[in-house]
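Presented below is the structure to which this report refers.
There are 2 protein chains.
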Amino acid sequence: MAGRELKVALLGFGTVGSSVARILCDLRPQGLALTHVYNRNVARKKADWVPADVVWTERIEDVLRSDVDIVVELVGGLDPAGEWVKAALEAGKSVVTANKKLIAFHGIELEKLARAKGGFLQYGAAVAGGIPVIPGVQQGLAGDRITRIEGILNGTCNFILSKMEGGAEFADVLKEAQGLGYAEANPTEDVDGYDARAKLVILSRLALRADLDPEEIPCRSITEVAAIDFEYARELNCTIRQIARAELRGGEVLASVGPMLVPKDSPLAWSRGTENTVLVSGQYGGDVVFSGHGAGGHPTAVAVVSDLVNIAHGSRKVEMLSRKTAIGGEFLLRHSIRFVVSDKPGIIAEIALALAEQKINIDAIFQKPGYGSQNLPFVVTVEPCVASALRRALNRIEKMDCLLEKPFDLQILE
Amino acid sequence: MAGRELKVALLGFGTVGSSVARILCDLRPQGLALTHVYNRNVARKKADWVPADVVWTERIEDVLRSDVDIVVELVGGLDPAGEWVKAALEAGKSVVTANKKLIAFHGIELEKLARAKGGFLQYGAAVAGGIPVIPGVQQGLAGDRITRIEGILNGTCNFILSKMEGGAEFADVLKEAQGLGYAEANPTEDVDGYDARAKLVILSRLALRADLDPEEIPCRSITEVAAIDFEYARELNCTIRQIARAELRGGEVLASVGPMLVPKDSPLAWSRGTENTVLVSGQYGGDVVFSGHGAGGHPTAVAVVSDLVNIAHGSRKVEMLSRKTAIGGEFLLRHSIRFVVSDKPGIIAEIALALAEQKINIDAIFQKPGYGSQNLPFVVTVEPCVASALRRALNRIEKMDCLLEKPFDLQILE
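Protein chains in written order, with our numbering: chain A, 51 to 464; chain B, 51 to 464.
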């Protein structure tokens, strides 16, 4: 492909799309020319700093049937974005996309299609925005056997949880995040973990070479995390973050997404605001940390333009075979459980008994001063156990009539 | 090159060389076969876990004149390693090297030679060992305009300085590092900054696209840092690290290597032991942090094998033009200066006067309790100034007869 300029079409001219156009116009990377912009109601999108010969269109056929070389898909979601990506690849074009959901659910078949038709499919922006985790893993760690990934992959959750560290409640911070444009009106994809899950599936494919079914990965929402949980976290020298993790264990993979207690000396505790952090552990190279801006127009656009530059330079990625792998078993982890009770003698004994029945050992009990006995919060930490055993114990504990709230448990990252 | 197996020769079977062989034998990456090992007095190196058909030799011609496809140079230094790399490239072979000095001083001509002869030259292990900074920058950030690099690029210095944080003196920790094999008998390359400088030159070429003359970059040794400097650093909420930095400023580059005060909330303050950390700042993507094991047999070997895998997969790197760039001007930075005096009235006045003559403003004065007036250490911090102006002020201050030691100044990283 080297030699002539490659024609680039943008599908979607929102925050990321206009940032991609801005970088292409400002930096003028060699071998690339923006020629088409597709958007619904495109007239309101036209920008005067885009070269006059760029075609603005609201008919997708104008792009798919054109002689464009690379289609940049920034529409998001499975439908119609998936059909458009497929049509572009069928036509022998290359595709650059930031669409984590599409790559998580259909990446393997789309890569196969790209190979068959002679195009490239690149998706560096689909995971951790402007942080080069994908080339870092695909190129830079190709010589290791990666056994574990742990990451903060969702900027919205990180914004909310790092704000809650200061004492605010979830609902208030969510509203603030929505006001700032960091969270959607319907925040489910972010706070319930589905966005991070899609990214974890992509990283598992590239790093662990394991194709996971996204819907098999247990996700837990951060909506139940309360301000008081950060107070108890501090007692444990921890903070709380949404952690997406996957680990090879024999021929299977353990994986989960959800809020966890993270020790303050872990690199995963350092991300502030919308930052992302990914920790990759290799059998030979040990731990490698990547950190930076995981979202936002400009950082995501850097990942997109980097993919475009790689295609223009004829840079091929290392393609490793991945194989269908089942989610097997559960992480063995310490847990912290928050109770709120109307105090009376025998509560700890009953909780301890229910835990002991499941062979779970109590590690410590914390109680913050300043609460009356009629509405008393306290926290119990337990030695490593699987979440399902703890759930069985909690099912029994939840029947105790002294409980004023459902107990809330958090896993503790080692 | 895809299709048949590529034959790999190792030049050097020390810590890194044997780790490379180990990974090649254990993971058996597709498309690569170890065929030759060169080392002086090779008989004592032979390992029984290496396949029996590998040729062990102490004659370099046995490799250079063979049908080997890729030569892995792990000998280090400019001579004879440089001649061997050149001969291999001349013969149309590809070369993978961890030799930062060779790439810093002769990388551009060697890359030109590789291109002309159709081979690849890869050196992912030359900077930050097992941390994929080079592919991260070359592939993953190709779409940004990187304006600044700040890094902890030398594991030996980081080991020494992070140990000194606990109260130990330089000479004692150096001895410990030598005992552990982290420091050479002659530690000059590491502690005086030449190792980090070579890596900074390579990173500047790839990230800033600026070819710097290594010998133009000012280097300052960490040997003068004393345990007490960490006590004053704590007062400033800082620690001390060897920092290599380069920054685009107009058409020129500011660059330096040496000990600096680093705020505790900077990712550069988090590296412990022999870890490396690199912070790359882009005009569009903001700050990206890479961190992990910068040295050691296995992590460095991961970078080498990753380069081999990339060559085997026909993965081409993005080649950006760099251009000869001068080191221009100096960083404008806050400084901290440690004095040890026999106390008498008027000392601060005289120091303040000498600083004021150079238009340098005093920011604060710290004095730790517990010292007698005959041997009194204290620290003066000054507002941003260039090092040369401070040097002129210190030249005058050094003439004061109350001074018991030469004042010691450290720049403060913003």
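Here a beta-carbon is modelled for each residue, glycine too, at the ideal position from N, C-alpha and C.
What you are looking at is a predicted structure, and each value in this text was computed from that prediction instead of being measured.
Given residue 206(B) as reference, the closest of 171(B), 80(B), 273(B) and 192(B) once Cα atoms are compared: 273(B)
Whole-angstrom distance between residue 331(A) and residue 234(B), CA atom to CA atom: 29 Å
Within 8 Å, strictly: CB atoms of residue 408(A) and residue 439(A): yes
Terminal residues of the beta strand (DSSP E) in which residue 460(A) lies: 458-462
7 Å Cβ cut-off: residues of chain B touching residue 152(A): Chain B residues near residue 152(A): none, gap ~20 Å exceeds 7 Å.
Contiguous alpha helix (DSSP H) assignments of at least 4 residues, all confined to the segment 125-185 of chain B: Listed in chain order, they are 131-140 and 150-167.
Range covered by the alpha helix (DSSP H) that runs through residue 349(A): Per DSSP, residue 349(A) belongs to the alpha helix (DSSP H) from 347-362.
Residue-chain proximity (residue 340(B), chain A), Cβ-Cβ < 8 Å: yes
Simplified DSSP assignment, three categories, for residue 88(B): strand
CB contact below 8 Å: residue 192(B) versus chain A: yes
Beta-carbon proximity list for residue 121(A), same chain, < 7 Å, skipping 5 on both sides: 59, 61, 113, 138, 143 and 145
Neighbouring residues, chain A, relative to residue 360(B) (Cβ below 7 Å): 189, 192 and 368
Distance between residue 295(B) and residue 186(A) (C-alpha atoms, nearest Å): Those two C-alpha atoms are separated by around 22 Å.
Sheet register partners of residue 308(B) (DSSP bridge): 293(B)
Three-state class that DSSP yields for residue 284(A) in the structure shown: Residue state for residue 284(A) is assigned as helix, using DSSP reduced to three classes.
C-beta atoms of residue 312(B) and residue 290(B) nearer than 8 Å: yes
Close Cβ partners of residue 248(B) (< 7 Å) along its chain, the five nearest in sequence each way excluded: Hits under 7 Å: 150, 151, 154 and 264.
Proximity below 8 Å, CB of residue 162(A) to CB of residue 140(A): For residue 162(A) and residue 140(A), no; Cβs fall outside 8 Å.
Cut-off 6 Å between Cβ atoms - residues of its own chain near residue 52(B), not counting five sequence neighbours on either side: Residue placement at residue 52(B) cannot be trusted, given a pLDDT of 46 that sits under 50; what the coordinates show is reported in the next sentence. The answer, listed in chain order, is 364.
Proximal residues to residue 345(A) (C-beta, below 6 Å), its chain only, five neighbours per side dropped: 179, 205 and 324
Residues that residue 343(A) contacts on chain B, provided the C-beta gap is smaller than 9 Å: Those within 9 Å of residue 343(A) in chain B are 335, 336, 337 and 338.
Any non-hydrogen atom of the ligand FAD closer than 7 Å to residue 166(B) Cβ: The ligand FAD is absent from the structure shown, which contains no ligand whatsoever.
Through-space distance from residue 388(A) to residue 404(A), alpha-carbon basis: Going by C-alpha positions, residue 404(A) is about 15 Å away from residue 388(A).
9 Å Cβ cut-off: residues of chain A touching residue 77(B): 193, 194, 195, 333 and 334
Limits of the unbroken alpha helix (DSSP H) element including residue 226(A): 220-229
Sequence-distant residues of its chain with Cβ nearer than 6 Å to residue 213(A) (five each side left out): The residues are 223.
Residue 427(A) to residue 277(A) span [Cα, whole Å]: 12 Å
Contact between the segment 60-76 of chain B and the segment 335-351 of chain B (3+ Cβ pairs under 8 Å): Three or more Cβ pairs drawn from the segment 60-76 of chain B and the segment 335-351 of chain B lie within less than 8 Å of each other, which places the two stretches in contact.
Backbone CA spacing between residue 373(A) and residue 231(B) [nearest angstrom]: Rounded to whole angstroms, the separation of the alpha carbons of residue 231(B) and residue 373(A) is 41 Å.
Residues within the segment 233-259 of chain A neighbouring chain B, beta-carbon criterion of under 9 Å: none
Distance, residue 452(A) Cα to residue 397(A) Cα: 8 Å
Neighbour flag for residue 73(B) against chain A, beta carbons, 8 Å: yes
Buried versus exposed, by CB contacts within 10 Å (16 or more), residue 460(B): Buried: at least 16 other Cβ atoms inside 10 Å.
Contact check, residue 197(A) vs residue 298(A), beta carbons under 8 Å: yes
Range covered by the alpha helix (DSSP H) that runs through residue 236(A): Under the DSSP assignment, residue 236(A) falls outside any alpha helix (DSSP H); it carries neither an H nor an E label.
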